[in-house]
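Worksheet: one structure, shown below.
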Amino acid sequence: MKKLKYSAEKNNKAWLYLAPALVSILVFSVYPLFRTFVMSMQNNNILAPSFVGLSNFPIVLKDPLFKRAMINTLIYAVTVVPLSIIISMLIALVLNTNIKGGKFFETLFFIPYLTSVIAIGIVFRYLFHGQYGFINYVLGFVGLGPIDFLNDPDYNMTALIIFGVWNALAFNIIVILAGLRSIDKNYYKVAEMFGASSWEQFRKITLPQLKSIITFLFLTSFITAFKVYNSIFALFNGRAGVGNRLVTAVFYIYNKFYVEYRYGQAMAAGVILFLFLLLLTFLQKKAIERLAK
Numbered sequence: 001m002k003k004l005k006y007s008a009e010k011n012n013k014a015w016l017y018l019a020p021a022l023v024s025i026l027v028f029s030v031y032p033l034f035r036t037f038v039m040s041m042q043n044n045n046i047l048a049p050s051f052v053g054l055s056n057f058p059i060v061l062k063d064p065l066f067k068r069a070m071i072n073t074l075i076y077a078v079t080v081v082p083l084s085i086i087i088s089m090l091i092a093l094v095l096n097t098n099i100k101g102g103k104f105f106e107t108l109f110f111i112p113y114l115t116s117v118i119a120i121g122i123v124f125r126y127l128f129h130g131q132y133g134f135i136n137y138v139l140g141f142v143g144l145g146p147i148d149f150l151n152d153p154d155y156n157m158t159a160l161i162i163f164g165v166w167n168a169l170a171f172n173i174i175v176i177l178a179g180l181r182s183i184d185k186n187y188y189k190v191a192e193m194f195g196a197s198s199w200e201q202f203r204k205i206t207l208p209q210l211k212s213i214i215t216f217l218f219l220t221s222f223i224t225a226f227k228v229y230n231s232i233f234a235l236f237n238g239r240a241g242v243g244n245r246l247v248t249a250v251f252y253i254y255n256k257f258y259v260e261y262r263y264g265q266a267m268a269a270g271v272i273l274f275l276f277l278l279l280l281t282f283l284q285k286k287a288i289e290r291l292a293k
C-alpha cells in the first residue's frame, strides 16, 4: 500500500488560513515599498506628479543635512547595538542563575518593552534635566555634574545613546534568556567533569549555542537603530536636538515630507536608506557567520 505524504503547499485550506496575513503584508509592507520607489522618481508635487527619473537622488546625496543625518544614525547604531546586547547578555546570565527573586526581576526588566517610548522619553527628560535631574544628582557625588544633557549640543548624542541602550534592554534580555534556557544542561555537567572554568564554558558552550540568537539580535537591532525617530522626538520634545545636531535619517525623511513638502526627495532618501540597510544587513550577516566559525 502506497503511503500518502501530506504537503501543506498543495492544500488549498492552508492558503485560506494564510490569506489574512498575506493581504496585510501586501497592503502594509509591499505596496508602501513599491509606492516609495515610484514616488522617489517623481517631482515634489503630490497632486500632479510627473516622472523626473533619478534626479532626486543626487539632490539628496549632495545635501549636507542628509550626510549629517546618516553619520548621526551610524554613530547611534554602532554604539547602541553592541552596548545593549553586551549588557543584556550580562543581565540574562545573572537572571539565568537561581538568584532569589529572579522571576520578579525578569518581569521588571520586561515592563519597559510594554511601555510607550513617548512616556519613557518624558521620564528621561526629567532624569537628564540640567538642574534637578536624578542623573546629575548621582554625577554630583563623583564631581562630574551638573551636565545639561538636553540643552548642551555636545552631550545630546550621549543622552540619546544612554536612552537607546536602556530602551533596547528589555527585548534583548528576554530573547537571550530564552536562548540560555534552551541549552542542554548536560553540556555544562560534562564540561565541569573535565575541569572547564566558567569562562571556558561560556566561550565554548554558551556563545556557540546562542549564535543564531545573537545574529538575529544584531540584525534586527541595527535595522531598528537606523530607524530611530521616536526616541529623539520624545527626549527632545519634538526637536532633533539643539540646532538639529541629532537629525537622523528618518528625521530627515519626515521633515522633507511633512514640513518642506518635498515628497520626491523624501522618498528618494527613503530608498537610499532602504538600500543602505539592505547592504549593511548582508555584510553584517556574513561577518557574524565568519566570526562564529
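Those letters in the sequence shown? Residues 1 to 293, per our numbering, in order.
Cβ coordinates follow ideal geometry from the N, Cα and C atoms, glycine included.
Assumed close pair residue i, residue j - CB separation to whole angstroms, cut-off 8 Å
{"i": "Ile232", "j": "Leu210", "result": "That belief does not hold up - the Cβ atoms of Ile232 and Leu210 are roughly 31 Å apart, past 8 Å."}
{"i": "Phe37", "j": "Val250", "result": "With 8 Å as the limit, Phe37 and Val250 do not qualify as a contact, their Cβ atoms being about 18 Å apart."}
{"i": "Gln284", "j": "Leu219", "result": "6 Å"}
{"i": "Ser40", "j": "Gly264", "result": "6 Å"}
Check whether residue i and residue j have beta carbons under 9 Å apart
{"i": "Ile120", "j": "Asn156", "result": "no"}
{"i": "Leu83", "j": "Val165", "result": "yes"}
{"i": "Ala240", "j": "Phe57", "result": "no"}
{"i": "Leu277", "j": "Phe222", "result": "yes"}
{"i": "Tyr261", "j": "Ile46", "result": "yes"}
{"i": "Phe134", "j": "Leu144", "result": "no"}
{"i": "Val80", "j": "Ala225", "result": "yes"}
{"i": "Phe66", "j": "Val60", "result": "yes"}
{"i": "Arg245", "j": "Asn72", "result": "yes"}
{"i": "Val242", "j": "Asp152", "result": "yes"}
{"i": "Ile161", "j": "Tyr76", "result": "yes"}
Contacts around residue i, its chain only, beta-carbon distance under 6 Å, and the 5 residues preceding and following it disregarded
{"i": "Phe163", "result": "Phe124, Ser231 and Leu235"}
{"i": "Lys227", "result": "Val250"}
{"i": "Leu273", "result": "Ala249"}
Cut-off 7 Å between Cβ atoms - residues of its own chain near residue i, not counting five sequence neighbours on either side
{"i": "Pro49", "result": "Gln42 and Asn43"}
{"i": "Ala92", "result": "Ile173, Ile176, Leu177 and Leu180"}
{"i": "Ala159", "result": "Phe128, Phe149, Leu150 and Leu235"}
Residues near residue i by beta carbon distance below 8 Å, same chain, minus five either side
{"i": "Met1", "result": "Note that Met1 scores a pLDDT of 49, beneath 50, so its modelled location is shaky and nothing firm can be said."}
{"i": "Tyr113", "result": "Ala170, Phe171 and Ile174"}
{"i": "Ile205", "result": "Ile183, Tyr187, Tyr188 and Ala191"}
{"i": "Ile111", "result": "Ala170"}
CA-to-CA distance, residue j to residue i, given in whole angstroms
{"i": "Val247", "j": "Lys100", "result": "44 Å"}
{"i": "Tyr188", "j": "Arg35", "result": "52 Å"}
{"i": "Gln201", "j": "Ala287", "result": "24 Å"}
{"i": "Met70", "j": "Leu280", "result": "13 Å"}
{"i": "Val94", "j": "His129", "result": "32 Å"}
{"i": "Phe28", "j": "Ala19", "result": "14 Å"}
{"i": "Pro146", "j": "Tyr137", "result": "8 Å"}
{"i": "Asp154", "j": "Lys256", "result": "25 Å"}
{"i": "Leu217", "j": "Ile85", "result": "8 Å"}
{"i": "Lys62", "j": "Gly53", "result": "17 Å"}
{"i": "Ile214", "j": "Lys185", "result": "20 Å"}
{"i": "Leu275", "j": "Asn98", "result": "45 Å"}
{"i": "Ser55", "j": "Ala266", "result": "13 Å"}
{"i": "Asn237", "j": "Met193", "result": "57 Å"}
{"i": "Leu33", "j": "Pro64", "result": "26 Å"}
{"i": "Gly102", "j": "Ser88", "result": "15 Å"}
{"i": "Arg203", "j": "Ser197", "result": "10 Å"}
{"i": "Gly195", "j": "Phe282", "result": "39 Å"}
{"i": "Arg300", "j": "Tyr258", "result": "The shown model of the chain, from 1 to 293, leaves out residue 300, and the question about it has no answer."}
{"i": "Thr115", "j": "Tyr17", "result": "32 Å"}
{"i": "Thr107", "j": "Asn96", "result": "13 Å"}
{"i": "Leu26", "j": "Val142", "result": "55 Å"}
Proximity test, Cβ basis, 9 Å: residue i and chain D
{"i": "Gly121", "result": "Absent from the structure: chain D. Only one protein chain is present."}
Those runs of the alpha helix (DSSP H) which lie wholly inside the stretch 247-274 and span at least 4 residues: 249-254
Every unbroken alpha helix (DSSP H) inside the stretch 179-252 [4 residues or more]: 185-193, 198-201, 211-226 and 230-235
Every unbroken alpha helix (DSSP H) inside the stretch 130-166 [4 residues or more]: 134-139
In chain order, which continuous runs of the alpha helix (DSSP H) of length 4 or greater are located wholly inside the stretch 53-124? 56-62, 64-95 and 102-114
Whole runs of the alpha helix (DSSP H) within the stretch 7-43, excluding any shorter than 4 residues: 12-25 and 31-39
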